[in-house]
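The sequence shown begins at 111 in my numbering and counts up by one. Glycine residues also receive a C-beta, built at the ideal position from the N, C-alpha and C atoms. Treat the numbers as computed from the prediction; the structure is a model and nothing was measured.
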Amino acid sequence: RDFGLSFIKVTGYSPIGDEFNNPQHSATNLLQVLNSLSFVRGRHLLKAGFDAHFTRQKAFRDVQSRGFLTFTSQPYFTGNALADLLLGLPLMTGGATLDNRQQLRTESFNAFIQDEIRLNSSLTVSAGVRYEVTSPPVDTNDRANVFDPVSQAVVQVGTKGIPRGGYATDYNNIAPRFGLAWTPGMSNNTVVRGGYGIYYNRSALAPGEGLYFNPPFFDFNLWYPLPGAPLTLANPFPTQFPIATPPSALAFDRNLKTPWLQQWSVGIQHQFGNRRSVEVNYVGSKGHNLLTARDINQAAPSPQPYNLRPNPQFGDIVALESTATSRYNALQVKARQRMLNGLTMHAAYTLGKGTDDASDFFTSAGDPNFPQDSNNPKAERGRSSFDIRHRFSMSFYYALPFGPDQRFVVDGWASHIFGNWTVAGIFTAQSGSPFTVALLPEVDNSNTGRAALGFGMNDRPNLAGDPARPNRSATAWFNTTSFSLPPYGSFGNAGRNILDGPGFQNLNLALLKQASLNEDLDVQIRLEAFNVLNRVNLGLPDAFLGSPTFGRILSAGSARRLQLGLKLIY
Numbered sequence: 111r112d113f114g115l116s117f118i119k120v121t122g123y124s125p126i127g128d129e130f131n132n133p134q135h136s137a138t139n140l141l142q143v144l145n146s147l148s149f150v151r152g153r154h155l156l157k158a159g160f161d162a163h164f165t166r167q168k169a170f171r172d173v174q175s176r177g178f179l180t181f182t183s184q185p186y187f188t189g190n191a192l193a194d195l196l197l198g199l200p201l202m203t204g205g206a207t208l209d210n211r212q213q214l215r216t217e218s219f220n221a222f223i224q225d226e227i228r229l230n231s232s233l234t235v236s237a238g239v240r241y242e243v244t245s246p247p248v249d250t251n252d253r254a255n256v257f258d259p260v261s262q263a264v265v266q267v268g269t270k271g272i273p274r275g276g277y278a279t280d281y282n283n284i285a286p287r288f289g290l291a292w293t294p295g296m297s298n299n300t301v302v303r304g305g306y307g308i309y310y311n312r313s314a315l316a317p318g319e320g321l322y323f324n325p326p327f328f329d330f331n332l333w334y335p336l337p338g339a340p341l342t343l344a345n346p347f348p349t350q351f352p353i354a355t356p357p358s359a360l361a362f363d364r365n366l367k368t369p370w371l372q373q374w375s376v377g378i379q380h381q382f383g384n385r386r387s388v389e390v391n392y393v394g395s396k397g398h399n400l401l402t403a404r405d406i407n408q409a410a411p412s413p414q415p416y417n418l419r420p421n422p423q424f425g426d427i428v429a430l431e432s433t434a435t436s437r438y439n440a441l442q443v444k445a446r447q448r449m450l451n452g453l454t455m456h457a458a459y460t461l462g463k464g465t466d467d468a469s470d471f472f473t474s475a476g477d478p479n480f481p482q483d484s485n486n487p488k489a490e491r492g493r494s495s496f497d498i499r500h501r502f503s504m505s506f507y508y509a510l511p512f513g514p515d516q517r518f519v520v521d522g523w524a525s526h527i528f529g530n531w532t533v534a535g536i537f538t539a540q541s542g543s544p545f546t547v548a549l550l551p552e553v554d555n556s557n558t559g560r561a562a563l564g565f566g567m568n569d570r571p572n573l574a575g576d577p578a579r580p581n582r583s584a585t586a587w588f589n590t591t592s593f594s595l596p597p598y599g600s601f602g603n604a605g606r607n608i609l610d611g612p613g614f615q616n617l618n619l620a621l622l623k624q625a626s627l628n629e630d631l632d633v634q635i636r637l638e639a640f641n642v643l644n645r646v647n648l649g650l651p652d653a654f655l656g657s658p659t660f661g662r663i664l665s666a667g668s669a670r671r672l673q674l675g676l677k678l679i680y
C-alpha cells in the first residue's frame with residue numbers, strides 16, 4: 111500500500127505531510143437476533159426477551175506506517191526549527207513496519223425480564239433484571255500476539271494458557287433496575303419520577319485490535335542522531351543504526367472486567383395547561399471497571415543518566431486494565447411549549463460535574479487520559495475531559511401567521527408568496543472544556559523513557575500559584591509563568607484538566623417555505639444561517655510547555671455562513 115508522505119512537525123509551525131496514524135480501513139458486519147414478549151395480567155405488565163449480536167470485522171490499521179520527523183528549536187543543531195528543516199537535520203524520527211491484517215469476531219448474548227406494576231391510579235413501579243455476556247474480540251485464525259506479564263514475553267493468543275482474546279470472558283454482568291412514577295393529587299398535571307439501574311458497556315472491538323500491535327505484526331522504532339551518525343531527510347529511518355530501539359508491546363489484564371455504570375435519577379414534571387410544561391431532574395452516576403491504559407514497563411523517575419526500565423528488552427508495555435472509575439452529578443431543567451399560536455419552543459439547562467481517572471482508554475499524543483506516572487494511575491483523578499459545567503440550549507419553530515386560515519389572511523397570489531413560511535432556530539451556550547497543561551517531549555525531564563505509539567506528551571510541569579488569568583485573551587489565555595519544568599528525574603505536580611478553555615455560543619436560524627406542486631410533489635425552499643451573530647468561538651490554547659506559542663489560542667470555530675437550498679419531497 112502507498113503509505114503517503116511522512117508527518118513532519120516543525121516547532122512553531124503547522125505540520126507538513128499526512129497524519130501518521132493513517133491509512134486505515136475497516137468493514138464491519140453485524141448480525142442481530144432478538145425477540146421479546148409482553149404479558150398483561152391484572153395490574154402487572156410483564157416483559158421478557160433476549161438478543162444476540164454477532165460481529166465480524168475485517169480491517170487494517172497502518173498506525174505509524176508513514177513515520178514522523180520532528181524538528182525543534184532546541185540547541186542541538188542550529189537552535190532554529192525551520193533552519194534545521196532546511197538543513198535536513200531532524201531531532202527525532204519514528205515509524206513502524208507492520209502487517210496487521212485484522213479478522214476480528216465477537217459475540218454478545220443478553221436476556222431480560224421486567225415487571226411493571228400499577229399499584230393504584232397514581233403510582234406505578236417497575237423492577238427488572240438484565241444479564242449480559244460478551245466474548246472478547248478474537249482473531250479468526252488466532253493470528254495475534256499479546257504480552258504476558260508472567261513470562262515477560264510476547265505470546266501467541268490461545269497458547270500457554272492465554273485466552274484467544276487476550277483476557278477471559280466476564281460472566282458476572284447482572285444488571286438490576288428499578289423505577290417509579292407517582293402522580294400526586296387529582297389534577298394529574300404533576301408527575302414525580304425516580305429510578306436506579308446498572309448498565310454494562312458491551313465490549314468494543316478496539317481492545318481486540320490491540321492484539322495486532324505486538325511483534326512481529328507491529329514493530330515501532332525511534333531514531334535519534336548520534337555523533338558520526340546523523341539523521342537526514344534522505345534516510346530518516348535507517349535500517350542500520352548503532353543503537354536498536356527495544357520493541358513496544360501491548361498487554362491485557364488477564365481478568366479484564368466489563369465496564370459498568372450505576373445510574374440514578376429523581377425528578378418532577380409539571381404541566382401548565384395543555385401546552386406548557388417544566389421538568390426538573392437530578393441525575394447521578396458512578397462508573398466502575400472503566401478501561402484505562404498504563405505503561406507497566408515505565409522506569410521510575412531518576413536523575414541517573416542510564417535509567418533502565420523494569421524489562422530492558424522492551425520499550426513501552428502498554429497494559430489495558432479495568433481499574434478506572436468515574437462520578438457524575440447534574441441538575442437538569444427543561445421547559446417546553448407545544449404548538450401555541452404557531453410557536454413551539456424547547457429550552458434546557460444543565461449544571462453538571464464529572465470526575466474520573468481517565469476519560470478514554472486508547473489515547474494519542476498529548477491526551478491526558480494516559481497517566482503521567484503509570485505506577486500511580488490514581489494520581490490522574492480529575493475533571494472529566496468532557497466536563498461542561500454549564501450548558502443552555504433553546505430551540506424554536508414558528509409558523510408565520512400569513513396565508514389562508516391564518517391570523518393575517520392573504521389570498522390569491524399573495525398567499526402563494528407570503529403563506530406557509532416558517533422560522534426555526536437553535537441557540538446554544540456552554541462553558542469551556544477542561545484541558546491539561548503538559549510538556550513537549552524535548553523538554554520532558556522525567557527521564558522515564560520515551561514513549562511509543564504516540565504516548566509521548568503526557569508528563570506535566572510543576573505548578574506554583576493560580577494559573578487562571580482574570581483577563582483572558584487569545585494571546586494569553588492562562589498564566590504561563592505559573593508553570594515550570596520539574597527538576598531532572600522527577601514528575602511535575604500539576605494536575606489533570608485543571609484549566610478551562612473558552613466557552614461556546616452559537617445561534618443558527620432557518621427560514622423555510624413548503625409548497626405543493628401537485629398531489630405527489632412538494633417543494634421546500636430553505637435559507638439557513640449558521641453562527642448568525644458571527645461570534646468568534648475560540649479553540650483550546652496551546653497547552654504544551656516548551657512550545658513558542660504556549661498559552662496562546664491559535665484556532666477558532668467557523669464564521670457566519672449562509673446557504674440557500676431547494677428540496678423536492680415526493
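| Check | Outcome |
| --- | --- |
| Cβ neighbours of K168 in the same chain (closer than 6 Å, five flanking residues each side left out) | A137, Q213 |
| Within-9 Å CB hit, L595 to chain B | Considering every chain present, this structure includes no chain B. It has just one protein chain. |
| Proximity test, R364 beta-carbon vs the ligand ATP heavy atom, cut-off 8 Å | Ligands in the displayed structure: none, and consequently the ligand ATP is not present. |
| C-alpha gap between N656 and F347, whole angstroms | The amino acid at residue 656 is misidentified as Asn; the sequence shows Gly. Their Cα atoms are separated by approximately 26 Å. |
| Rounded distance between the beta-carbons of D466 and T433, thought under 8 Å | With a Cβ gap of about 12 Å, T433 and D466 do not count as contacting. |
| Identified DSSP bridge partners for S436 | G397, D466 |
| Which residues DSSP lists as bridging N331, in chain order | G205 |
| Those runs of the alpha helix (DSSP H) which lie wholly inside the stretch 277-360 and span at least 4 residues | 316-319 |
| CA-to-CA distance, S146 to A509, given in whole angstroms | 41 Å |
| 6 Å CB neighbourhood of Q615 in its chain, flanking five on each side removed | A539, R645 |
| Reference L140, options E629, F187, S218, A193, closest by Cα | S218 |
| T402 (DSSP reduced to helix, strand or coil) | strand |
| Residue interval of the beta strand (DSSP E) (run including L192) | Not the beta strand (DSSP E): L192 falls in the alpha helix (DSSP H), residues 191-197. |
| Pick from K119, L341, F257, N641 that is closest to A429, judged by C-alpha positions | F257 |
| For N220, the first and last residue of its enclosing beta strand (DSSP E) | 212-230 |
| Terminal residues of the beta strand (DSSP E) in which D161 lies | 154-171 |
| F181 (DSSP reduced to helix, strand or coil) | strand |
| Candidates L115, F117, S124: closest to P658 by CA position | S124 |
| Supposed close pair G271, Q373 - CB separation, criterion 8 Å | Contact flag wrong, Cβ pair sits at about 37 Å. |
| D569 - partner residues in DSSP beta bridges | According to DSSP, which records beta bridges pairwise, D569 is partnered with nothing at all. |
| Cβ shell of R385 (< 8 Å), same chain only, five flanking positions each side left out | Q447, R448, M449, L450 |
| Length of the line joining the Cα atoms of V150 and L144 | 21 Å |
| Sub-9 Å separation of D554 and S484 beta-carbons | no |
| Cβ neighbour criterion (16 or more within 10 Å) applied to N463 | Checking the sequence, you will find Lys at residue 463 rather than Asn. Answer is exposed; the Cβ neighbour count stays below 16. |
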